[in-house]
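Numbering (the working numbering), first residue to last: 191 to 498.
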């Protein structure tokens, strides 16, 4: 499958059509012999349909011929809707090689629509067109950041399935993203299982290392933050307690507070427990990634302490 841009885009009228029971065979069944065809069953009175249809149109147009879209108004095509057992709208069916192969119901997020199309595009082979899997991954990461782990996981899974090579950068991002989705739902063990899908030659890729660091922080940070703050405040020389507090802060997402605590510990006694504070800082930096603002500022502050 050619995933690079550059081919001439088909005309919009060739990609998106309205169909009736009379044109369904030509526009859907016959057309699907070449590329997957999405069929959007909608109704004028349906609010979610008005949300979904523009998203479908945009995504299909961006796919540059990898898929087509056919829209069917169920009120004007009641017999067709009955034959296909459409019980609610919006409903989307994907047809390929003359038969339904996939589908979904409801006004799903744009990231999920893009991932759905990315998966379908893999069915049609090299002539299907251009799909920007990196853009799908960006949408998935936005969905995860917004707290929609389910939609993000679906998108990451679809990209992983659509990627031709296990060593491909998109596959690596997709698998790492799936693991982060598991972790976001509190399933650290499941996140480790997902990471096992990583190809042997890429197991130490920074994307996977970052997720492993996040898992480590999540597994070691189960303490009550407020209770630990009170106890650590009363026992400032109890570094084991302060390390537990930093781990709990990191596990709850308050990485800046965790970094502050660990830097204060390192400044007070850098050698404590074989430089445990510094090692924990490096784990947090790895989990956040090298370009994260907390990593950049934390590394600068750590360097100042190391060379002071």
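Just so you know, even glycine gets a beta-carbon here, dropped at the ideal spot from N, CA and C.
Since the structure is predicted, the reported quantities are computational estimates derived from the model, not experimental observations.
Quick one: what's residue 231 bridged to in DSSP? Here residue 231 refers to the residue found at position 41 of the chain shown. DSSP lists 262 and 281 as partners of residue 231.
Any idea what DSSP makes of residue 298, helix, strand or coil? Against the chain shown, residue 298 aligns to sequence position 108. Of the three classes helix, strand and coil, the one that applies to residue 298 here is coil, per DSSP.
Whose C-beta lies closer than 8 Å to the C-beta of residue 471 among residues of the same chain, with five residues either side of it excluded? Here residue 471 corresponds to residue number 281 of the chain shown, with the count starting at 1. These residues qualify, in order along the chain: 449, 452, 453, 456, 488 and 492.
Report the three-state DSSP secondary structure of residue 394 (helix, strand or coil). As a first step, residue 394 must be located in the chain shown, where it is residue number 204. In the structure shown, residue 394 adopts coil according to DSSP, grouped into three states.
Helix, strand or coil at residue 360 according to DSSP, with G and I counted as helix: For this step, residue 360 is matched to residue 170 along the chain shown. Looking at residue 360 - three-state DSSP - the assignment turns out to be helix.
With 16 as the cutoff for other CB atoms within 10 Å, does residue 313 come out buried or exposed? Within the chain shown, residue 313 is the residue found at index 123, counting from 1. Buried is the call here.
Whole angstroms is fine: what's the gap from residue 269's alpha carbon to residue 257's? Your numbering for residue 269 matches position 79 in the chain shown. Your numbering for residue 257 matches position 67 in the chain shown. So the two alpha carbons sit approximately 25 Å from each other.
Can you tell me whether DSSP reads residue 326 as helix, strand or coil? Against the chain shown, residue 326 aligns to sequence position 136. Note: residue 326 maps to helix in three-state DSSP.
Inspect the beta-carbon positions of residue 384 and residue 369 and report whether they are closer than 8 Å. What you label residue 384 is simply residue 194 of the chain shown in a count that begins at 1. What you label residue 369 is simply residue 179 of the chain shown in a count that begins at 1. Yes; because the gap between Cβ atoms is below 8 Å, this pair is in contact.
Tell me which same chain residues have a C-beta within less than 6 Å of the C-beta of residue 395, skipping the five on either side of it? Within the chain shown, numbered from 1, the residue matching residue 395 stands at position 205. Taken in chain order, the residues that qualify are 362.
I'd like to know whether the C-beta atoms of residue 301 and residue 345 end up nearer to each other than 8 Å. Taking the first residue of the chain shown as 1, we reach residue 301 at position 111. Taking the first residue of the chain shown as 1, we reach residue 345 at position 155. In contact: residue 301 and residue 345 (Cβ atoms closer than 8 Å).
Alpha helix (DSSP H) segment containing residue 463, residue limits: Counting from one through the chain shown, the residue named residue 463 turns up at place 273. Looking at the DSSP string, the run of the alpha helix (DSSP H) that includes residue 463 is 462-478.
Rounded to whole angstroms, what's the CA-CA distance from residue 210 to residue 260? Just pull it up for me. In the chain shown, the residue the question calls residue 210 occupies position 20. In the chain shown, the residue the question calls residue 260 occupies position 70. Answer to the nearest angstrom: the Cα atoms are 10 Å apart.
Near residue 438, what residues of its chain come up, given a Cβ to Cβ distance below 6 Å and the 5 sequence neighbours on each side ignored? Residue mapping note: residue 438 aligns to position 248 of the chain shown, counting from 1. Here the set comprises 411, 413, 415 and 418.
Residues near residue 309 in its chain [Cβ-Cβ closer than 7 Å; skip 5 each side]: Counting from 1 along the chain shown, the entry for residue 309 is found at position 119. So the list reads 348, 351 and 352, once near-sequence residues are dropped.
What residue from 426, 381 and 428 has the CA that sits closest to residue 406's CA? On the chain shown, position 216 is the one that residue 406 refers to. Considering only alpha carbons, the answer is 381.
Taking 7 Å as the limit between beta carbons, can you name the residues of its chain near residue 317, skipping five residues before and five after? Sequence index remark: in the chain shown, residue 317 carries index 127 (1-based). Low local confidence applies: a pLDDT of 43 at residue 317 is under 50, so the model's placement there is unreliable, and no value is given.
Using a Cβ-Cβ distance cut-off of 8 Å, determine whether residue 334 contacts chain B. No chain B is part of this structure, which consists of one protein chain only.
Along the chain, where does the beta strand (DSSP E) that runs through residue 206 open and close? Taking the first residue of the chain shown as position 1, residue 206 is located at position 16. Counting along the chain, the beta strand (DSSP E) containing residue 206 begins and ends at 206-208.
For residue 483, does the three-state DSSP call read helix, strand or coil? On the chain shown, position 293 is the one that residue 483 refers to. Residue 483: helix per DSSP, three-state reduction.
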